[in-house]
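A short worksheet on the structure shown next.
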Amino acid sequence: MSRSISLLILVSLTLLNGCGGGESGPAAPPPLVAPPPSPVSLTPAPAQPAAGGPGKAKKLPAAEVEVSPKFYTTRDFEVLPAHANFEIAPPSETATARSSDRLSPAAGENSSFMIAGLPPKGVVRSTLKLPSGFEALPGDVTESGWPKRIRCTADGMVLVLIPGGVTEVGTNSGPADCRPQHPAFVSDFYMDIHEVTVGQFLDLREQLRVNDKKLIAAPSNERAEQNQPALGVSFNLAREYAEARGRSLPTEAEWERAARGNGSFTYPWGEGRPLWSRHREPGQMDPVMSFHSDVSPFGVFDLAGNAREWCADWYQNDAFKQALAPDGSPRRDWTGPQRGDPVGHHVIKGNPRGWELWARSHETMTKGIPDVGFRCVLRIGSGAASSLSSTAAP
């Protein structure tokens with residue numbers, strides 16, 4: 106019996122150890138161990154000069170410079186309300202020196218972006234001939250070949266090119282005679298960069314007295330500074346000056362085109378409040394081009410402030426209702442109503458109480474108004490173009 110039990114125990118042990126001649130089963134593989142890192146040879150940094158001592162500090166590579174990120178919130182862009190309708194900024198010599206740099210509207214009748222650039226220096230050669238008495242100034246020319254800035258040799262006035270296109274004239278929210286707002290198309294023309302000055306008007310007056318034995322009335326502010334706008338000049342005298350200098354008075358559509366630009370803005374500077382370099386209020390008179398914020402997208406100064414200005418159009422209260430063709434399309438180069446109502450009254454633009462460019466007033470053509478002056482335009486069209494070239498001195 107004990108022998109049987111021993112044999113049974115021996116068989117059980119054999120089964121527990123498995124078959125294979127009494128050898129042990131395969132051992133579990135050892136765990137993987139990452140190799141130790143290779144040693145890195147470091148070169149000691151050169152000794153640095155003591156603080157405040159001679160020598161320059163070592164310049165760190167860009168990758169080693171720690172930059173603290175700037176986090177912006179909506180408060181960084183918040184515009185707080187103000188009680189005044191303008192802001193005053195200190196004068197800037199840089200801004201004054203660069204006042205002739207402009208953002209030029211891109212080509213097209215209703216462009217939505219501007220092209221920034223400095224005017225190139227040197228001789229300008231255009232592919233079109235300017236009328237006699239005008240010369241191109243150094244700078245850009247348009248794709249069609251017109252120089253963007255010219256000078257009248259008779260009075261020295263600089264004129265800027267106003268590209269033809271459609272602009273909105275008037276408003277739908279102002280006085281009855283400013284409504285309705287409507288599109289108007291005008292062809293290319295040049296406009297005086299500022300109002301005709303006291304000095305320029307008196308020069309013509311003296312020329313007429315000496316050469317033609319003709320005496321015309323002086324501006325009401327003839328004793329003012331020579332670079333003040335000539336004021337108190339009647340429509341008839343303003344027109345006579347323009348014709349004597351080879352130019353014309355602008356139509357109301359041309360005036361608003363030059364002032365409001367492709368964007369048909371409410372103000373020359375856009376839609377926001379003006380930023381003046383010093384105090385300014387409507388009706389205030391200053392030397393021309395005194396405020397570099399009062400400049401239109403095309404580079405024309407003092408269309409919101411300074412003198413009010415004569416336009417060529419006869420005045421009528423419902424003129425803007427006549428401005429559209431019967432089919433509702435804009436008229437091309439419309440010159441306004443056929444007669445004035447009141448009789449003899451012409452349109453006056455500029456310097457309203459709120460600086461709005463759509464504002465208009467009127468007065469009889471024979472009367473000089475103390476705060477009314479004028480500026481001129483030079484119209485150019487396909488009929489004035491020539492294959493000859495014009496060259497301006499550098």
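Numbering (the numbering used here), first residue to last: 106 to 499.
Every residue, glycine too, gets a C-beta built ideally from N, C-alpha and C.
Measure the alpha-carbon distance for residue i versus residue j and round it to whole angstroms.
i       : j       : result
Asp-282 : Ala-464 : 9 Å
Glu-348 : Ser-382 : 35 Å
Gly-398 : Leu-380 : The sequence given here places Ser at residue 398; Gly does not occur at that position. Their Cα atoms are separated by approximately 6 Å.
Leu-408 : Lys-454 : 8 Å
Val-300 : Gly-368 : A small correction: the amino acid at residue 300 is Glu; Val does not occupy that position in the sequence shown. Answer to the nearest angstrom: the Cα atoms are 23 Å apart.
Ser-278 : Thr-371 : 12 Å
Ser-339 : Pro-268 : 29 Å
Gly-213 : Arg-328 : Caution is warranted here: a pLDDT of 44 is assigned to Gly-213, below 50, making its placement in the model unreliable, and the coordinate value is therefore given only provisionally. Near 45 Å, if we compare the C-alpha coordinates of Arg-328 and Gly-213.
Ala-428 : Gly-441 : 7 Å
Ala-412 : Asp-391 : 9 Å
Thr-302 : Thr-247 : 29 Å
Gly-445 : Gly-351 : 25 Å
Glu-273 : Trp-360 : 11 Å
Ala-322 : Leu-483 : 24 Å
Pro-252 : Gly-244 : 7 Å
Val-263 : Val-405 : 10 Å
Asn-316 : Leu-235 : 26 Å
Asn-456 : Gly-388 : 6 Å
Gly-377 : Ser-401 : 13 Å
Thr-471 : Asp-308 : 22 Å
Thr-258 : Leu-313 : 17 Å
Asn-326 : Ala-335 : 7 Å
Ser-353 : Thr-469 : 18 Å
Arg-437 : Asn-422 : 21 Å
Asp-432 : Cys-481 : 32 Å
Asp-260 : Tyr-346 : 10 Å
Ser-241 : Ile-255 : It is Ala, not Ser, that sits at residue 241 in the sequence shown. Computed Cα separation, rounded: 4 Å.
Pro-288 : Tyr-295 : 20 Å
Quick one: what's residue i bridged to in DSSP?
i       : result
Met-394 : Paired residue(s): none; Met-394 is not in a bridge.
Trp-251 : DSSP output for Trp-251 lists no bridge partner at all.
Ser-292 : Note: Ser-292 sits in no beta bridge, so no partner.
Ile-267 : Phe-294
Glu-273 : Pro-288
Cys-257 : Phe-239
Taking the beta strand (DSSP E) that residue i belongs to, which residues open and close that run?
i       : result
Ala-409 : From DSSP, Ala-409 is part of no beta strand (DSSP E); its letter is neither H nor E.
Tyr-372 : Element bounds for Tyr-372: n/a, residue is neither H nor E.
Glu-240 : 239-241
When you measure from the CB of residue i to every non-hydrogen atom of the ligand FMN, does any distance come out below 7 Å?
i       : result
Val-291 : Because no ligand of any kind appears in the structure shown, any question about the ligand FMN cannot be addressed here.
What is the residue span of the alpha helix (DSSP H) that residue i lies within?
i       : result
Arg-365 : 357-365
Leu-313 : 303-316
Could you give the C-beta distance for residue i and residue j, rounded to a whole number, given that I count them as a contact under 8 Å?
i       : j       : result
Tyr-420 : His-384 : Rounded, the Cβ-Cβ distance is 32 Å, inconsistent with contact.
Ala-363 : Phe-479 : No, Ala-363 and Phe-479 are not in contact; Cβ-Cβ is about 14 Å, not under 8 Å.
Val-477 : Glu-414 : 7 Å
Glu-357 : Asp-418 : 5 Å
Gly-337 : Pro-324 : 5 Å
Phe-396 : Pro-285 : Their Cβ separation, rounded to whole angstroms, is 31 Å, which puts Phe-396 and Pro-285 out of contact at 8 Å.
Secondary structure, alpha helix (DSSP H): runs of 4+ residues fully inside the region 417-484: Correct list: 424-427.
At which residue ranges does the region 325-352 contain complete alpha helix (DSSP H) runs of 4 or more residues, listed in the order of the chain? Taking only runs of at least 4 residues, the alpha helix (DSSP H) segments lying wholly in the region 325-352 are 340-349.
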